[in-house]
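Student: Quick one: the structure is below, and I'll ask about it shortly.
Residue numbers (the working numbering): 268 to 411.
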(Lines of atoms letter the chains of each structure in order from A and count residues from 1; the text may use other names and numbers.)
(Lines give C-alpha, C1' and ligand atoms only; values in the text may rest on other atoms or scores of the structure.)
Protein backbone atom coordinates (compact mmCIF):
# COMPACT_ATOMS: atom_id res chain seq x y z
CA UNK A 1 0.00 0.00 0.00
CA UNK A 2 2.85 2.40 0.75
CA UNK A 3 4.37 2.13 -2.76
CA UNK A 4 1.01 2.87 -4.39
CA UNK A 5 0.49 5.94 -2.23
CA UNK A 6 3.97 7.28 -3.09
CA UNK A 7 3.31 6.75 -6.80
CA UNK A 8 0.01 8.62 -6.65
CA UNK A 9 1.58 11.48 -4.67
CA UNK A 10 4.40 11.74 -7.21
CA UNK A 11 1.93 11.87 -10.09
CA UNK A 12 -0.09 14.57 -8.28
CA UNK A 13 3.02 16.67 -7.59
CA UNK A 14 4.25 16.38 -11.18
CA UNK A 15 0.76 17.30 -12.45
CA UNK A 16 0.63 20.34 -10.14
CA UNK A 17 4.09 21.42 -11.30
CA UNK A 18 3.01 21.10 -14.95
CA UNK A 19 -0.12 23.18 -14.32
CA UNK A 20 1.93 25.90 -12.61
CA UNK A 21 4.49 25.87 -15.44
CA UNK A 22 1.76 26.23 -18.06
CA UNK A 23 0.29 29.13 -16.06
CA UNK A 24 3.64 30.93 -15.86
CA UNK A 25 4.28 30.42 -19.59
CA UNK A 26 0.83 31.81 -20.42
CA UNK A 27 1.35 34.88 -18.24
CA UNK A 28 4.79 35.48 -19.78
CA UNK A 29 3.34 35.20 -23.29
CA UNK A 30 0.62 37.75 -22.51
CA UNK A 31 3.13 40.13 -20.91
CA UNK A 32 5.54 39.85 -23.86
CA UNK A 33 2.71 40.48 -26.33
CA UNK A 34 1.71 43.63 -24.43
CA UNK A 35 5.31 44.89 -24.35
CA UNK A 36 5.71 44.36 -28.10
CA UNK A 37 2.40 46.12 -28.72
CA UNK A 38 3.44 49.11 -26.59
CA UNK A 39 6.83 49.28 -28.34
CA UNK A 40 5.18 49.39 -31.77
CA UNK A 41 2.71 52.04 -30.61
CA UNK A 42 5.48 54.25 -29.18
CA UNK A 43 7.57 53.82 -32.34
CA UNK A 44 4.64 54.89 -34.53
CA UNK A 45 4.08 57.92 -32.27
CA UNK A 46 7.78 58.83 -32.52
CA UNK A 47 7.69 58.66 -36.33
CA UNK A 48 4.57 60.85 -36.46
CA UNK A 49 6.23 63.35 -34.11
CA UNK A 50 9.43 63.40 -36.19
CA UNK A 51 7.52 64.18 -39.39
CA UNK A 52 5.44 66.79 -37.56
CA UNK A 53 8.62 68.46 -36.28
CA UNK A 54 10.16 68.52 -39.77
CA UNK A 55 7.00 70.04 -41.24
CA UNK A 56 6.78 72.62 -38.43
CA UNK A 57 10.36 73.64 -39.19
CA UNK A 58 9.50 74.00 -42.89
CA UNK A 59 6.60 76.27 -41.96
CA UNK A 60 8.86 78.62 -39.97
CA UNK A 61 11.81 79.01 -42.33
CA UNK A 62 12.33 81.11 -45.45
CA UNK A 63 10.69 80.32 -48.79
CA UNK A 64 12.53 78.06 -51.22
CA UNK A 65 13.34 75.61 -48.42
CA UNK A 66 14.08 71.97 -49.21
CA UNK A 67 14.94 69.14 -46.84
CA UNK A 68 15.27 65.37 -47.18
CA UNK A 69 15.22 63.17 -44.09
CA UNK A 70 15.07 59.45 -43.50
CA UNK A 71 12.59 57.37 -41.56
CA UNK A 72 13.07 53.88 -40.10
CA UNK A 73 12.47 51.14 -42.69
CA UNK A 74 9.98 49.36 -40.40
CA UNK A 75 8.36 49.42 -36.98
CA UNK A 76 9.57 46.36 -35.06
CA UNK A 77 9.62 44.33 -38.26
CA UNK A 78 6.24 45.57 -39.53
CA UNK A 79 5.79 47.72 -42.62
CA UNK A 80 4.00 51.02 -42.15
CA UNK A 81 2.63 53.88 -44.20
CA UNK A 82 2.24 57.63 -43.83
CA UNK A 83 -0.96 59.40 -44.74
CA UNK A 84 -0.97 63.15 -45.09
CA UNK A 85 -4.03 65.34 -44.87
CA UNK A 86 -4.01 69.11 -45.30
CA UNK A 87 -3.28 69.61 -41.59
CA UNK A 88 -2.57 66.15 -40.21
CA UNK A 89 -0.25 63.18 -40.50
CA UNK A 90 -1.12 59.58 -39.66
CA UNK A 91 1.21 56.62 -39.29
CA UNK A 92 -0.57 53.34 -40.03
CA UNK A 93 0.77 49.91 -39.08
CA UNK A 94 -0.44 46.55 -37.80
CA UNK A 95 -0.18 45.87 -34.09
CA UNK A 96 -0.99 42.30 -33.06
CA UNK A 97 -2.70 41.74 -36.40
CA UNK A 98 -4.97 44.76 -36.02
CA UNK A 99 -4.61 48.01 -38.00
CA UNK A 100 -3.44 50.87 -35.82
CA UNK A 101 -3.14 54.59 -36.55
CA UNK A 102 -1.08 57.23 -34.75
CA UNK A 103 -2.09 60.72 -35.86
CA UNK A 104 -0.73 64.20 -35.20
CA UNK A 105 -2.17 67.58 -36.11
CA UNK A 106 0.10 69.91 -38.06
CA UNK A 107 0.51 73.65 -37.43
CA UNK A 108 0.92 74.26 -41.17
CA UNK A 109 -1.00 73.26 -44.27
CA UNK A 110 0.39 70.84 -46.84
CA UNK A 111 -0.65 71.71 -50.38
CA UNK A 112 -0.33 68.33 -52.18
CA UNK A 113 -2.77 66.33 -50.05
CA UNK A 114 -4.22 63.76 -49.65
CA UNK A 115 -1.01 61.77 -49.96
CA UNK A 116 -0.27 58.14 -49.01
CA UNK A 117 3.32 56.91 -48.74
CA UNK A 118 4.18 53.26 -48.09
CA UNK A 119 7.51 53.09 -46.27
CA UNK A 120 9.92 50.36 -47.39
CA UNK A 121 13.69 49.99 -46.90
CA UNK A 122 14.25 51.49 -50.38
CA UNK A 123 11.48 54.07 -50.11
CA UNK A 124 12.01 55.72 -46.72
CA UNK A 125 13.32 59.20 -47.51
CA UNK A 126 10.85 62.07 -47.25
CA UNK A 127 11.39 65.33 -49.11
CA UNK A 128 9.80 68.58 -47.94
CA UNK A 129 9.69 71.59 -50.29
CA UNK A 130 8.57 75.11 -49.52
CA UNK A 131 8.23 77.17 -52.68
CA UNK A 132 8.52 80.92 -53.18
CA UNK A 133 4.81 81.35 -52.34
CA UNK A 134 5.18 79.49 -49.05
CA UNK A 135 3.31 76.38 -50.22
CA UNK A 136 4.66 73.22 -48.60
CA UNK A 137 4.71 69.93 -50.48
CA UNK A 138 5.76 66.47 -49.34
CA UNK A 139 7.12 63.71 -51.56
CA UNK A 140 9.09 60.50 -51.32
CA UNK A 141 12.66 60.19 -52.54
CA UNK A 142 14.60 56.98 -53.17
CA UNK A 143 17.82 58.15 -51.48
CA UNK A 144 19.45 61.04 -49.66
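Even for Gly, the Cβ is constructed at its ideal location relative to N, Cα and C.
To which residues of the same chain is residue 307 closer than 8 Å at the C-beta, ignoring the five residues directly before and after it?
Tutor: Excluding residues within five positions, the ones whose Cβ falls inside 8 Å are 342, 343, 345, 360, 362 and 367.
Student: Taking contact to mean 3 or more Cβ pairs, one atom from each stretch, closer than 8 Å, check whether the stretch 350 to 359 and the stretch 371 to 384 are in contact.
Tutor: The answer is yes - the stretch 371 to 384 touches the stretch 350 to 359, with three or more Cβ pairs under 8 Å.
Student: Under 8 Å Cβ to Cβ from residue 304, same chain only, skipping five residues before and after it: list those, please.
Tutor: Correct list, in chain order: 362 and 363.
Student: Rounded to whole angstroms, what's the CA-CA distance from residue 273 to residue 295? Just pull it up for me.
Tutor: Distance between the alpha carbons of residue 273 and residue 295: 33 Å.
Student: What does a CB cutoff of less than 6 Å around residue 408 pick up in its chain, not counting 5 residues either side in sequence?
Tutor: Here the set comprises 335, 392 and 394.
Student: What does DSSP give as the partner residues of residue 342 in its beta bridges?
Tutor: Its beta-bridge partners are 345.
Student: For residue 311, count neighbouring Cβ atoms within 10 angstroms of its own Cβ and tell me buried if that reaches 16, exposed if not.
Tutor: Residue 311 comes out buried.
Student: As a quick exercise: from 288, 276 and 388, pick the residue whose alpha carbon is nearest that of residue 337.
Tutor: The residue with the shortest Cα to Cα distance from residue 337 is 388.
Student: DSSP three-state label for residue 416, please.
Tutor: Outside the modelled stretch of the chain, which goes from 268 to 411, sits residue 416, for which no answer is possible.
Student: Does the distance from the CB of residue 402 to the CB of residue 378 come in under 8 Å?
Tutor: Contact flag set, yes.
Student: Ordered along the chain, which non-local residues of its own chain (more than five positions away) have a Cβ less than 7 Å from that of residue 326?
Tutor: Taken in chain order, the residues that qualify are 374, 375 and 403.
Student: Just reading off the beta strand (DSSP E) that residue 396 is part of, what are its end residues?
Tutor: Taken as a continuous stretch (DSSP letters only), the beta strand (DSSP E) holding residue 396 covers 392 to 397.
Student: Alpha carbon to alpha carbon, how far is residue 300 from residue 293? Give it in angstroms, no decimals.
Tutor: Taking the straight line from one Cα to the other gives about 11 Å.
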